[in-house]
Amino acid sequence: MPTFDPGALAHKPTLPGATVALVPLTARHTDPMWRFTADEETNRLTGTRRAFTHDEIRDWCATRPEQPDRLDLAVEDRATGRFLGELALNDLDPDNASAHYRIALTPGSTGRGLGTEATLLLLRHAFATVRLHRVELEVYAYNPRAARAYEKAGFHHEGRARQAHHWAGEYHDVLRMAALGPEWLAAHP
6 MPTFDPGALA HKPTLPGATV ALVPLTARHT DPMWRFTADE ETNRLTGTRR AFTHDEIRDW
66 CATRPEQPDR LDLAVEDRAT GRFLGELALN DLDPDNASAH YRIALTPGST GRGLGTEATL
126 LLLRHAFATV RLHRVELEVY AYNPRAARAY EKAGFHHEGR ARQAHHWAGE YHDVLRMAAL
186 GPEWLAAHP
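For the working numbering, count along the sequence shown from 1 and bump the result up by 5.
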């Protein structure tokens with residue numbers, strides 16, 4: 006596998022798929038992103054504990070293209086351009102050519118394979134273009150649908166942090182998963 010290119014994250018690509026397109030997250034996504042971050046179920050699934058102001062979301066979206074060490078993309082319906090969610094490669098570890106992955110889809114966009122498609126597009130970019138060696142994530146045990154989508158996209162379970170996440174008065178396990186570039190590329194030619 007070729008050497009990791011840390012500068013590749015500074016380029017914010019558009020990655021078209023069959024149903025979704027991953028596009029650079031920018032200020033034009035402010036309104037749907039702000040509505041999305043106010044959804045209680047989305048916050049439960051992502052562990053988001055605070056409310057964001059419209060200005061905070063606008064500033065966040067507007068500054069994503071400037072980030073040289075992470076990649077934030079909007080998930081859009083390829084046919085209509087409708088905002089379906091967002092995803093990111095973040096917490097880059099250049100010494101180990103690894104990064105963390107997260108994705109969140111809007112209510113009504115789950116359960117249709119869109120997350121799996123978006124994750125496959127992102128992993129191809131992460132391994133073939135950015136040339137990361139490892140992409141890892143955490144998912145709460147109470148979100149088995151997301152864990153299955155990650156498995157379909159090529160992530161493998163690596164561990165369980167018991168009762169590591171406190172939500173709504175209860176402790177929940179956190180599942181740790183990862184995909185390795187050489188294995189993923191061999192399985193997804």
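Each residue gets a CB set at the ideal place from its N, CA and C atoms; glycine is no exception. Here the structure is a predicted model, which means the values were calculated and not measured.
By the CB criterion at 8 Å, H105 and E61 fall outside the cutoff. Taking a cut-off of 8 Å for Cβ pairs, the stretch 62-70 and the stretch 176-190 do not touch, as fewer than three such pairs fall below it. A residue is called buried when at least 16 other Cβ atoms come within 10 angstroms of its Cβ; P37 meets this threshold and is buried. CA-CA distance, W172 to R49, rounds to 8 Å. In the three-state reduction of the DSSP assignment, P18 falls in the coil class, being assigned neither a helical nor a strand state. Shortest Cα-Cα distance from V25 to any of A84, R139, A154 involves A84. P73 is not bridged by DSSP to any residue. The beta-carbon separation of L14 and V80, rounded to 18 Å, does not stay under the 8 Å limit for a contact.
With respect to A93, L76 sits close: the two C-beta atoms are nearer than 8 Å. Straight through space, the alpha carbons of T35 and H59 are spaced by roughly 8 Å.
Considered as a whole, the stretch 139-188 harbours 149-158 as its complete alpha helix (DSSP H) runs of no fewer than 4 residues, in chain order. When the five nearest sequence neighbours on each side are left out, the beta carbons in the same chain lying within less than 6 Å of the beta carbon of F132 are those of G186, W189, L190, in order along the chain. The Cβ-Cβ distance between L78 and T111 does not fall below 8 Å. Boundaries of the beta strand (DSSP E) around F88: 88-98. Distances from the alpha-carbon of D100 to those of R165, A192, F9 put F9 closest. For A166 and L126, the gap between their C-alpha atoms comes out near 28 Å. For L27, the enclosing beta strand (DSSP E) stretches over residues 25-29. The three-state secondary structure of L128, taken from DSSP, is helix.
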